[in-house]
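Following this note's numbering, the numbering of the sequence shown begins with 56 at its first residue and continues without gaps.
Worksheet: one structure, shown below.
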Amino acid sequence: MVEVQEKKAPVYTVQTECRDCYRCVRNCPVKAIRVEDSHALVMSELCVACGRCIIHCPASAKQYRNDIEYVHELLQSKETVFASIAPSFISEFPEYSSEEFIFILKTLGFTGVSETALGADFVSKEVATMLSQKTEQKLFISSCCPSSVEYIKRYMPEYSPYITNVASPLLSHARYLHSLYQNAHIVFIGPCVAKKREADVWQEIDCAITFKELRTMIEQAHISTIDIHEAKKNTKNSFIPRRAAKSELFPLEGGMIAACKKYKPLHDVQFLSVSGIEEIHQTLSGLNPEELDTPLFLETLSCSGGCINGPGTENKSSLALKSIKTKTFAQSSDDVLDEETLKNMPTMLGTLPCQKVEPKQFSEEEIRQTMRSVGKYSLADEMNCNGCGYDTCRDFAMALLNGLAEKEMCVSYMRQLANKKANGLIQTIPCGIVIVDKNMNIIECNKNFAKLMGNDIEAIYDVKPGLAGANLETISNHSHIFKQVLLPHAPDVIDKDIKTNHTILHYTIFSIEKGEVVAGVIEDVTEPKNIKERTITHAQKVINKNLETVQKIAFLLGENAAETEAMLNSVIELYSLDNKTTSTYDESKRSKQ
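Given below as structure tokens:
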């Protein structure tokens, strides 16, 4: 017997690879992600295993559990192991015929290969019989897609009673194979990650792997291409105990509906196929089954476009080509299963068990207070930009209260923080700081700059802090130095001493954005030297203290914040190098005296 080991959750995060981009949060339909220390962790108790985070993660930090090693153990055990192959195999492996595909699986060590669609045919027969009976119930929701079932049971529990109490195609297929081949092991192979959850829950299913995992096994086995092509001639390479019927259409939108109608006409029932978790939510939201005039059957699939577009697929051909390939293959199948096979139909009860999610309730004041903590004081502040991954700022606030998010996820908050840090640093530097654009309009300056420009300018600064928009040429007689740095072939930094009345001002002008924005550091060098030393020490202390914040800002906001950090560090670097200039000036002054 193969030893059963404790398994990871079907979907999880590789923390070392997570780049805190929050793309998984944006794409998770149920927000089953907790951000902790800038790492986005999958919460298995909230996850519906739809695989969206896996598809969208740019760093491959979101992954599904790899069960290849366990399958190898099963195959090497010399026990009977059957492959339950999803009907979408024909669109995922178009390079192989069904005979060639079966040969490959047998070469890997499987005793035989059977179509999961056989179980889907049992489901079609059961559901068709249910819908054909007269009943007061008006809404019926399919139980075939485990991810859809989990979503409805967890997040829309008011509709759980309408899920048909019919086993999934995989579970019914596994039960059927066990009735024919006792002590057999069943391994599902398909496009679905949620099937791993089914394998964890139902003892009839030993393991579930994706088409991607199967490709890895095939590559590792180095199976001869010549042998594969010869497989077509071998009649033993066929599905056991027989090929499925029209339920081979199940991977497509409307495929289940088409298969059900083969077993019963069902003229008095309305049918609707919905794919995608968001679409399922929109379809069910506000639906009152009592208002339906005729029974409605909802075929629900969590993957947009159907199972042929599942997260476990690797074939990137168009959805249209996959759909055509699947339909073409199903055209040659029987419409329904034969009576002998239907007589052996297994027990059909049982849907995936899971608990509904009980959302925590917060008061309006708690929500507003949390929003204020990230700079959302009014409706005008609520940008609802989705940068954090949540649809609205209010949703983000509730995620903060639930401990699922961090303040740093809010882009606008980090932008405000970046400005505050930069402005704070500028204001704390004892010398004059001014930043101007190519038209000599002031972008930002500190009060020490205004003081150096005279009492009138200082008075204006008190009325309009920062002097944003004021023209430097009307404030200073030395704007020509700034213009020199803006010239096409000008040096990036210009140092110059200018005598004004009874003081000497030392200008350090440098480029922030070549030809567009320049900054000036102005110091009265007739003041004691310890001012400069205090400036360097204080500014360096501020930068070191806020380095972590600035780095996060740079990541979130890109070039603007990165340039802010570079500019601030340039102030310190240039200011430190300028010590020599001041020392030289002081020595020259003393020698003249």
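No residue lacks a Cβ here, since even glycine has one placed at the ideal position from N, Cα and C.
This one's a predicted model, so the numbers in the text were calculated from it and none came from an experiment.
Distance, residue j Cα to residue i Cα
i: GLU345; j: SER197; result: 18 angstroms
i: LEU160; j: THR184; result: 35 angstroms
i: ILE140; j: GLU170; result: 5 angstroms
i: THR425; j: ILE273; result: 52 angstroms
i: LEU456; j: GLU419; result: 12 angstroms
i: ILE241; j: SER93; result: 40 angstroms
i: SER234; j: LEU459; result: 46 angstroms
i: VAL491; j: THR529; result: 13 angstroms
i: ALA616; j: ILE577; result: For ALA616, the predicted model reports a pLDDT of 48, less than 50, meaning its position is unreliable; a value from the coordinates is still stated below. Each residue's Cα considered, the two are about 24 angstroms apart.
i: GLY479; j: GLU568; result: 21 angstroms
i: VAL97; j: GLY365; result: 19 angstroms
i: PHE417; j: ALA222; result: 38 angstroms
i: THR338; j: GLN131; result: 47 angstroms
i: GLN648; j: ASN494; result: Note on GLN648: pLDDT 45, under 50, position unreliable in the model; the coordinate value appears next. Roughly 42 angstroms separates the two Cα atoms.
i: GLY521; j: LYS506; result: 12 angstroms
i: LEU472; j: SER372; result: 45 angstroms
i: ASN532; j: GLU513; result: 16 angstroms
i: TYR690; j: PHE177; result: Residue 690 falls outside the range modelled here, since the chain spans only 56 to 648, and no answer is possible.
i: ASN399; j: GLU413; result: 41 angstroms
i: ASP323; j: PRO350; result: 7 angstroms
Residue i: CB within 8 angstroms of a non-hydrogen atom of the ligand FMN
i: GLU259; result: You won't find the ligand FMN in this model; it holds no ligand whatsoever.
Beta-bridge pairing of residue i - partner residues as DSSP gives them
i: SER215; result: DSSP lists no partner for SER215.
i: GLU181; result: Its beta-bridge partners do not exist; DSSP assigns none.
i: GLY487; result: ILE577
i: GLN118; result: TYR67
i: LYS554; result: ILE559
i: GLU91; result: HIS94
i: GLU568; result: VAL572
i: GLU499; result: ILE490
i: ASP450; result: For ASP450, which the question treats as bridged, DSSP gives no partner whatsoever.
Nearest residue (CA-CA) to residue i, options the options
i: LEU342; options: SER202, THR529, ILE577, MET211; result: MET211
i: LEU353; options: LYS316, ILE312, LYS319, ILE363; result: ILE312
i: ILE379; options: ILE295, PRO149, PRO408, SER223; result: PRO149
i: MET403; options: ARG120, SER179, LYS519; result: SER179
i: GLN70; options: ILE515, CYS83, ILE88; result: ILE88
i: CYS200; options: ASN82, ALA249, ASN399, LEU186; result: ALA249
i: ILE281; options: PHE158, LEU392, LYS377, PRO65; result: PHE158
i: ASP75; options: VAL466, THR349, GLY106; result: VAL466
i: THR563; options: ASP517, CYS486, ASN526, ASP390; result: CYS486
i: THR271; options: GLY405, HIS127, ILE110; result: HIS127
i: ILE481; options: ASN503, GLY367, GLU394; result: ASN503
i: CYS108; options: TYR67, LYS411, SER388, VAL136; result: TYR67
Beta-carbon contacts of residue i that lie in its chain and below 7 angstroms, excluding the five residues immediately before and after
i: ASP436; result: GLY430
i: SER330; result: GLU308, LEU356, CYS358, SER359, GLY360, GLY361
i: GLU72; result: ALA114, SER115, ALA116
i: TYR125; result: CYS262
i: LYS189; result: none
i: ARG81; result: ASN441, GLY444
i: CYS409; result: GLU205, LYS208, ARG209
i: ILE278; result: ILE159, THR162
i: TYR468; result: VAL429, GLY430, LYS462
Same chain only: Cβ atoms within 6 angstroms of residue i, ignoring 5 sequence neighbours per side
i: LEU347; result: LYS193
i: ILE244; result: ALA138, ILE140, ILE264, LEU269
i: ASP641; result: For ASP641, the predicted model reports a pLDDT of 48, less than 50, meaning its position is unreliable; a value from the coordinates is still stated below. Once the five neighbours on either side are set aside, ASP641 has no close Cβ partner at all.
i: ASN585; result: Unreliable placement is indicated for ASN585, whose pLDDT of 45 sits below 50; the coordinate value is still reported in the next sentence. Result list for ASN585: empty, nothing under 6 angstroms.
i: ALA229; result: ILE241, GLU259, ILE260
i: ALA545; result: GLN539
i: THR558; result: ASP579, THR581
i: VAL572; result: ASP492
i: VAL548; result: PHE565
i: ALA254; result: ILE260, CYS262, ALA263
Chain-order list of residues whose beta-carbon lies under 8 angstroms from that of residue i (same chain, five-residue window excluded)
i: GLU614; result: A caution first: GLU614 carries a pLDDT of 47, below 50, which makes its placement in the model too unreliable to give a value.
With 16 other Cβ atoms within 10 Å as the buried cut-off, status of residue i
i: THR219; result: buried
i: TYR318; result: buried
i: MET438; result: exposed
i: GLY570; result: exposed
i: ARG688; result: The structure shown does not extend to residue 688, since the chain spans only 56 to 648, so no value can be given for it.
i: HIS535; result: exposed
i: SER203; result: buried
i: LEU397; result: exposed
i: ASP375; result: The sequence given here places Ala at residue 375; Asp does not occur at that position. ALA375 should be labelled exposed.
i: ALA175; result: buried
i: GLU303; result: buried
i: VAL182; result: buried
i: SER227; result: buried
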